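There are 2 protein chains.
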Amino acid sequence: VSPDPILEGDLRAISRAATRIENRHPEAEALLKELFPHTGRAELLGVTGPPGAGKSTFTSELVRELRREGRRVAVLAVDPTSPFTGGAILGDRIRMQAHHADPGVFIRSIATRGALGGLSAAALDLTLLFDAAGFDSIVIETVGVGQDEVDIAQLAHCVLVVLVPGMGDDVQAVKAGIMEIAQVFVINKADLPGAGKLESELRFLLSLAAPEIQPAIIQAVATAPSGIRESLEAARQYLMSHPPRLGAVQRWTTRLREMVRARLMARVPAADFETWAQAVAAREIDPYTAAARILHA
Amino acid sequence: VSPDPILEGDLRAISRAATRIENRHPEAEALLKELFPHTGRAELLGVTGPPGAGKSTFTSELVRELRREGRRVAVLAVDPTSPFTGGAILGDRIRMQAHHADPGVFIRSIATRGALGGLSAAALDLTLLFDAAGFDSIVIETVGVGQDEVDIAQLAHCVLVVLVPGMGDDVQAVKAGIMEIAQVFVINKADLPGAGKLESELRFLLSLAAPEIQPAIIQAVATAPSGIRESLEAARQYLMSHPPRLGAVQRWTTRLREMVRARLMARVPAADFETWAQAVAAREIDPYTAAARILHA
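Protein chains in written order, with our numbering: chain X, 1 to 297; chain S, 1 to 297.
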């Protein structure tokens, strides 16, 4: 596979390469090695938050703002895996139809892999592909409050967390779980009752946090749209005071450690796990001793 | 540490052991080895679902039903980690105050660890502790739709997924992401508009699924409470046709593989990741080559 059409921004070549990267095609790594020297220019924005917060609409409007600045934009949407097709649920087609006809916007959905570390490895490689292909901004969108979101945060230069008023009991947990990964909080659907209360709660939680964790809080109504420009400006302000370049060594330290771990995982011994499991299920051996014996075999 | 007070159900001894297990105290594994022969009796029920679905209230009422049957119940609540304390967010104290004075209910919150596989290892060990301590039912509650929930599902004998009407755009993704881990769908807040529509959507999605994936669907209002007994009966019906004993070898196969992986991870070479990261950030070497060199060093 030649990297040239990708470096020239050929959308079909980029799309083909993305598929190979996602499927862990044997030639993908060689291609990524060739593309790597051409990376390091794009800004990586993360958008995340709990289900129902209106992230897709917000992302679509954020893309519109970036396009107004004349930037080419790639969107990487990370979806839960479909149990039926094995692929991403929402898919590219129903996502952000507003940008369908715009050749300056490239949208790709990938499915969360069940395997440990699977998501972040593919997502990292795809951002490098888009970066090499000359996209100025890369927006990574995830749904949730779990490990995937923390991984994405380690990848992005700035993370916007989209919340919505009136989420019920769990909102404390959700807010706090994502508190340290957020550089910008977007209170979406801010025309609903409770938006002011949510902002007060956030400000109270932030008052307990370390002074260096002080994300901006923006009220927005993505469907209007309003508050989108302000959200992007808050992100840019963060990037001005925390240039991606300065965080690069730390991000790569984390990524390299994960890449080495993933390669180690591929070396799990081809033991007869099921026979050991039978012995454990029959209480003939405890699982801790069994795991140690498998490893030392 | 003697296992005897734990086997006799001494709550203080159980609590101390749980803390050691969660903190990966060096003596925890020796204790778990001694407890292991006394495990295998408890039923493990998983409760999960997206934020705002009312899981805490549902779990509290489910515990009440189990208590009516005369069962001793342990609840293991898995929370996002607090960025400020490093501990679980919601905590034991504000959780299910209804059962505060009941010595037949033991509640423990643990924080999601950022580390790969950290959550599931601690959660598994805690369920073994509760099982050995003679609890008849163990309820594991998680918030979310991510990898943590899939891990919990691999641990529980039956998973109840709590949903709520009117979750917006993401609900398709959420539903499908948890479709294959659910044995019982609980449509909570079924007095809200849209409960019937949600049930129809679920039935449509299920009609596309393989015939062996056919979870029950129960309408409930946890705050009433209504639909709780029906949810528990649906879970019991599943457990009658899928006795935990029959799935034990498969569950232990998965767990042993993860335990071996976790032990392998602990062997990540003590390389100077930061120096390699500097070279990658400076584009002097690509990350794929760097990871391979660290591993082979």
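All C-beta atoms in this analysis are idealised placements derived from N, C-alpha and C, irrespective of residue type, glycine included. These figures come from a predicted structure and were not determined experimentally.
Using only CA atoms, which one of the options lies nearest to residue i?
i: N188/S; options: A53/S, F273/S and A133/S; result: A53/S
i: E233/S; options: A220/S, R245/S and K33/S; result: A220/S
i: L202/S; options: I218/S, E61/S and Q250/S; result: I218/S
i: W276/S; options: T48/X, F36/X, T59/X and Q250/X; result: Q250/X
i: A262/X; options: Y288/S, G104/S, L246/S and S231/S; result: Y288/S
i: A182/X; options: L239/X, A292/X, T127/X and V1/X; result: L239/X
i: S15/X; options: G227/X, L206/X and A133/X; result: A133/X
i: A111/S; options: D125/S, E22/S, D191/S and A98/S; result: E22/S
i: S231/S; options: V63/S, P193/S, R12/S and P211/S; result: V63/S
i: L126/S; options: R24/S, P244/S, S207/S and I294/S; result: R24/S
i: L11/S; options: A101/S, E69/S and P26/S; result: A101/S
i: L295/S; options: E274/S, E284/S and V268/S; result: V268/S
i: R68/S; options: H242/S, A235/S and R229/S; result: R229/S
i: H38/X; options: L205/X, P26/X and D131/X; result: D131/X
i: E212/S; options: E274/S, E284/S and S241/S; result: S241/S
Buried or exposed: which applies to residue i, given that a residue is buried once 16 or more other Cβ atoms fall within 10 Å of its Cβ?
i: G166/X; result: exposed
i: D286/X; result: buried
i: L116/S; result: The predicted model places L116/S with a pLDDT of 39, which falls under 50 and marks its position as unreliable, so this point remains unresolved.
i: P215/X; result: buried
i: G196/S; result: exposed
i: E8/X; result: exposed
i: T223/X; result: exposed
i: D272/X; result: exposed
i: E61/X; result: buried
i: A98/X; result: exposed
i: L198/X; result: buried
i: F106/X; result: buried
i: A297/S; result: exposed
i: P51/S; result: buried
i: R293/S; result: exposed
Would residue i and residue j be called neighbours here (beta carbons separated by less than 8 Å)?
i: E34/X; j: P5/X; result: no
i: L66/X; j: S137/X; result: yes
i: L313/X; j: A42/X; result: Given a span of 1 to 297 for chain X in the structure shown, any question on residue 313/X remains unanswerable.
i: I152/X; j: A123/X; result: yes
i: M265/S; j: L264/X; result: yes
i: V159/S; j: G46/S; result: yes
i: F135/S; j: A74/S; result: yes
i: A28/X; j: R20/X; result: yes
i: V186/X; j: F58/X; result: yes
i: L335/S; j: I140/S; result: Past the edges of chain S, shown from 1 to 297, lies residue 335/S, and the structure says nothing about it.
i: R72/X; j: G49/X; result: no
i: L246/X; j: H157/X; result: no
i: V260/X; j: A248/S; result: no
i: A270/X; j: G227/X; result: no
i: S109/S; j: D79/S; result: yes
Taking 7 Å as the cut-off, is the CB of residue i close to at least one heavy atom of the ligand FMN?
i: I107/X; result: Looking for the ligand FMN in the displayed structure turns up nothing, as the structure carries no ligands at all.
The region 276–283 of chain S touching the region 250–261 of chain X, judged by at least three CB pairs closer than 8 Å: yes
Residues of the region 267–297 of chain S with Cβ closer than 8 Å to any Cβ of chain X, in chain order: R267, V268, P269, A271, F273, E274, W276, A277, Q278, V280, A281, R283, D286, P287, Y288, T289, A290, A291, A292, I294 and L295
Contact set between the region 233–263 of chain S and chain X, restricted to residues whose Cβ is under 7 Å from the partner: A248, V249, W252, T253, R255, L256, R257, M259, V260, R261 and R263
Interface positions of the region 29–43 of chain S facing chain X (Cβ-Cβ less than 8 Å), listed along the chain: E29, L32, K33, F36, P37, T39 and G40
Against chain X: residues of the region 51–75 of chain S by CB proximity under 9 Å: Answer in chain order: P51, G52, A53, G54, K55, S56 and T57.
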